[in-house]
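As given, the protein sequences belong to chains A and B, one line each in that order.
Under our numbering, the first sequence is numbered contiguously, ending at residue 546.
Under our numbering, the second sequence is numbered contiguously, ending at residue 175.
All residues carry an ideal CB built from backbone N, CA and C; glycine is no exception.
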Amino acid sequence: MADLRIDIASEFVGAKAFKQADTATSALSKQVTRLAKSYLGVVGAQKLMRAQLNAAKAFAADDKAARVLSRSLDNLGLAYADPAVKTFIADLEKQFGVLDDQLRPAFQRLLTTTGDVAKSQSLLKTALDLSAASGVDVVTVAGDLSKGYVGQTRALAKYGLGLTQAELKAMKFEEVQAKINSLFGGQAAVAVDTYSGKFNRLNVAIANANETLGKGFLEGLTAIGGGGTQGFDNTLGFIEDLSQAAAKFQRNFGVGIGQFLAILRGDFAAVKALGESAGKSAPFMGAIPSIQTELNRKVALDRIDQYRKENALQAKLLAAKKAELKAAKEVNALKKAGTLFDAEQTAIVAALKGKISEDERKRLELQLALLTGNSTEASKLAGELGKSQGLSEKLVAFLKDLPDAKNPFEGWANYLNAIEAQVKRIAVGGTTGGGTAAVIGTSMSNGNGMFDPTDFLPAMPGGKLGAGFNTPATVVVNVAGSVLSEGELVDAVRNGLINSSLSGAGSLVARRTGTFATL
Amino acid sequence: MPTKIVGATNLRKALKQFTPDLAKETTIEIGNFLKPVVKNARGFIPSNSEIPSGWLVGNQKGKWERVAFDAAVARRGIGYKTTPSKPNRRGFKSLVYISNKTAAGAIYETAGRKSGIDGRFSPRLPGQLAGPSQKSQGRAMFKAWEQDQGKAKGAVLQAIFNSAAKFNARTGGK
Numbered sequence: 028m029a030d031l032r033i034d035i036a037s038e039f040v041g042a043k044a045f046k047q048a049d050t051a052t053s054a055l056s057k058q059v060t061r062l063a064k065s066y067l068g069v070v071g072a073q074k075l076m077r078a079q080l081n082a083a084k085a086f087a088a089d090d091k092a093a094r095v096l097s098r099s100l101d102n103l104g105l106a107y108a109d110p111a112v113k114t115f116i117a118d119l120e121k122q123f124g125v126l127d128d129q130l131r132p133a134f135q136r137l138l139t140t141t142g143d144v145a146k147s148q149s150l151l152k153t154a155l156d157l158s159a160a161s162g163v164d165v166v167t168v169a170g171d172l173s174k175g176y177v178g179q180t181r182a183l184a185k186y187g188l189g190l191t192q193a194e195l196k197a198m199k200f201e202e203v204q205a206k207i208n209s210l211f212g213g214q215a216a217v218a219v220d221t222y223s224g225k226f227n228r229l230n231v232a233i234a235n236a237n238e239t240l241g242k243g244f245l246e247g248l249t250a251i252g253g254g255g256t257q258g259f260d261n262t263l264g265f266i267e268d269l270s271q272a273a274a275k276f277q278r279n280f281g282v283g284i285g286q287f288l289a290i291l292r293g294d295f296a297a298v299k300a301l302g303e304s305a306g307k308s309a310p311f312m313g314a315i316p317s318i319q320t321e322l323n324r325k326v327a328l329d330r331i332d333q334y335r336k337e338n339a340l341q342a343k344l345l346a347a348k349k350a351e352l353k354a355a356k357e358v359n360a361l362k363k364a365g366t367l368f369d370a371e372q373t374a375i376v377a378a379l380k381g382k383i384s385e386d387e388r389k390r391l392e393l394q395l396a397l398l399t400g401n402s403t404e405a406s407k408l409a410g411e412l413g414k415s416q417g418l419s420e421k422l423v424a425f426l427k428d429l430p431d432a433k434n435p436f437e438g439w440a441n442y443l444n445a446i447e448a449q450v451k452r453i454a455v456g457g458t459t460g461g462g463t464a465a466v467i468g469t470s471m472s473n474g475n476g477m478f479d480p481t482d483f484l485p486a487m488p489g490g491k492l493g494a495g496f497n498t499p500a501t502v503v504v505n506v507a508g509s510v511l512s513e514g515e516l517v518d519a520v521r522n523g524l525i526n527s528s529l530s531g532a533g534s535l536v537a538r539r540t541g542t543f544a545t546l
Numbered sequence: 002m003p004t005k006i007v008g009a010t011n012l013r014k015a016l017k018q019f020t021p022d023l024a025k026e027t028t029i030e031i032g033n034f035l036k037p038v039v040k041n042a043r044g045f046i047p048s049n050s051e052i053p054s055g056w057l058v059g060n061q062k063g064k065w066e067r068v069a070f071d072a073a074v075a076r077r078g079i080g081y082k083t084t085p086s087k088p089n090r091r092g093f094k095s096l097v098y099i100s101n102k103t104a105a106g107a108i109y110e111t112a113g114r115k116s117g118i119d120g121r122f123s124p125r126l127p128g129q130l131a132g133p134s135q136k137s138q139g140r141a142m143f144k145a146w147e148q149d150q151g152k153a154k155g156a157v158l159q160a161i162f163n164s165a166a167k168f169n170a171r172t173g174g175k
């Protein structure tokens, strides 16, 4: 909240921001002025120098092209036509707004192909028309025409002449040229009147002016050197001398500063050493520094270019490998998808899910690995299976070598034979009636009270059974006393067994030997 | 409107540097002219019993507590200053001024001078607004300044000019 105040006296001192803005503006204005001056000076000088050098380069290139063409004419024995060709090229340049930098190479190609100046001039005009119509540069068109002249008409088809390859091959070149002239004749002249054509002519004028300036620059340098054939060389020598003098001045200036500082330090030995070393400085070997810098730059650029090319090649190879890998993955994926519907594999997989032995499992897995082409797994499983099989064979061999086990029932045959003989004997002897079947005594024949089956074997002489048993016949049970009927006998036996059981009388049973006895 | 004086800040610096006694004398002289106005202005501040009870300190809580009225504090808030202030946004420095610095004093000073004496607050305040224009109206400081009729202002300015003349006379200036 602004406090209430009555100002009695005040003074305008100016806002702080005003002062800051004023200071900043004036400083900026000064800097801009200084910068503008220096920029105009430096950039202007640089631009002028660069423009002069570019002009000189343009003139040099143009001069070289002209000399090459002159040499070609000379080699073809057409040196007499050199002035006429130069005039022809210059006229075409002015007329159609096409730079002589393009016209000369185009004409040279045609000239070397046809070997005829007049024919080359005619073809160059055709090339200009075709170039104006198609938009292709005149050098390329001239190259295609020169090929067509010697029968290679393939390149001419792209210009849309309305002729098939077969027709182009069948036609003479003069006919082809006539066709081109009929289709595109006058296109170059029409193009000149367009804005584009005017712009091209303007470019031609600027390029020629540039070349003229370059020529003047080089002639000026020649004049500095005294003119004549040696003038330019003299100028170059002068520039070299000037650079060496400047280098010497810089070196001596540095030595002087160093000596002055040494004097201030009182180090007179250093003063002397500096003077001597300045006099014995090693001469500069190699190119002058500016040229050396350019050479180094060129080498570095070449190296960078080479690295770029190598990198591009590596990138291409990498891309190819990636594509290959991707394709392989896709193939594998397809193969894997195909296995889902492979009946054989399905059966193996189903079998693997069942209850099988370890050996069978390994066999099935090996089959599956072979089917799916999994060589690593197949090799591993084959090894394990082989090992397993080896163990099985050993086991078989071991079992084979084992001796036969003793038959525990071997002795039974004798018993059975004895029983059979006894039964036969009983059947032959008949039965004895009125005998009483009874086992006398509680002791068994073996004397230990145990049950012995032989005790019940029939009728051996001196046997244990009564004499009645010697004749096999129907057993008749006679009852007497309180037992009067068979039913009562059964009841009496049962009751006797029950009583015996309940009386607590012990019994001894030997299951191994099949004997029992009462205790 | 304050009177604009050119070079007053430099004069003050020069006085303090070269003629400190004259600087002190000038300050005291200016103070003597302003003290009656301040005393009169403080006298226009009403006592707590005359103020609506709801505005008094102790009856206001929270955010309104800061602007609650206390006669003693409001009186102490009215004073004068002879040291230059910092320049305002338009670049002017106040050299001498009277101020009413407390919130409650400012409210009492200006309540109703823009929207009129109506509603439930400003009609209950004692004292009348006095002053030549809306921005110069008030119940205490502005009223005392109005009643002074510019005598203090003229005396202060005269004191400044006199000190300048004395300084020049002593230092051999114009």
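In the three-state reduction of the DSSP assignment, A/E437 falls in the coil class, being assigned neither a helical nor a strand state. Against chain B, the CB of A/A51 has no partner CB under 8 angstroms away; the residue lies outside that interface.
In chain order, P3, T4, I6, A9, L96, V97, V157, L158, I161 make up the part of chain B whose C-beta sits under 7 angstroms from the C-beta of A/A36. Between A/V217 and A/G124, the C-beta gap is not smaller than 8 angstroms, which leaves the two residues out of contact. Each of A/L379, A/A93, A/N359 was checked against the Cα of A/N401, and the nearest Cα belongs to A/N359. Judged by beta-carbon spacing, A/E404 lies beyond the 8 angstroms limit of A/K389, meaning their Cβ atoms are not closer than that value.
Sequence-distant Cβ neighbours of A/A396 in its own chain, meaning closer than 7 angstroms and more than five residues away, are E404, A405, L408.
Checking the DSSP bridge columns, you'll see A/T542 partnered with A/A537.
Between A/F86 and A/L245, the CB-CB gap stays under 8 angstroms. Runs of the alpha helix (DSSP H) lying entirely within the stretch 198 to 259 of chain A and spanning at least 4 residues, in chain order: 200 to 211, 214 to 220, 222 to 251. Collapsing the DSSP output to three states places B/S100 in a strand. Of all alpha-carbon atoms in B/P133, B/I108, B/A160, the one lying nearest the alpha-carbon of B/E147 is that of B/P133. In the structure shown, the three-state DSSP call for B/F122 is coil. With a threshold of 8 angstroms between beta carbons, A/D30 makes contact with chain B.
Close partners of B/N101 in chain A (Cβ separation under 7 angstroms): D30, L31. Annotated as proximal: A/E38 and B/K5, with beta-carbon spacing under 8 angstroms. According to DSSP, B/L57 shares a beta bridge with B/F70. For B/W146, the closest Cβ of chain A is nearer than 8 angstroms. Put simply, of A/F280, A/Q135, A/V326 the residue whose alpha carbon is nearest the alpha carbon of A/V168 is A/Q135.
Selection B/S116, B/T27, B/Y81, B/I46 evaluated against B/V74 yields B/I46 as nearest (Cα-Cα). If you check each beta-carbon in the stretch 102 to 136 of chain B against every beta-carbon of chain A, the ones closer than 9 angstroms belong to K102, T103, A104, G106, A107, E110, T111. Taking 8 angstroms as the cut-off, the beta carbon of B/T27 is found closer than this to the beta carbon of B/S164. Of the candidates B/A72, B/V39, B/S123, B/Q18, the residue whose Cα lies closest to the Cα of B/D149 is B/V39. The stretch 18 to 34 of chain B and the stretch 56 to 67 of chain B do not touch, with fewer than 3 CB-CB distances between them shorter than 8 angstroms. The DSSP-derived three-state label of A/L361 is helix. Proximity of the stretch 149 to 169 of chain A to the stretch 192 to 199 of chain A falls short of the contact definition, fewer than three beta-carbon pairs being nearer than 8 angstroms. Here B/G113 carries a coil assignment [DSSP, helix/strand/coil].
Not a single C-beta of chain A is nearer than 8 angstroms to the C-beta of B/K167. Taking 8 angstroms as the cut-off, the Cβ atoms of A/L155 and A/V165 count as close.
Among the residues facing chain A, B/P37 is not included, as its CB has no counterpart in that chain under 8 angstroms away. At the C-beta level, A/T139 and A/S97 stay beyond 8 angstroms of one another. A/L150 and A/L172 do touch by the CB rule: their CB atoms are close to 5 angstroms apart, below 8 angstroms.
Not flagged as an interface residue toward chain B: A/F287, since no C-beta distance is shorter than 8 angstroms. Residue state for A/I525 is assigned as helix, using DSSP reduced to three classes. B/A104 and A/T60 have their C-alpha atoms spaced approximately 54 angstroms apart. For A/Y107, there is no enclosing beta strand (DSSP E), as DSSP marks it with neither H nor E.
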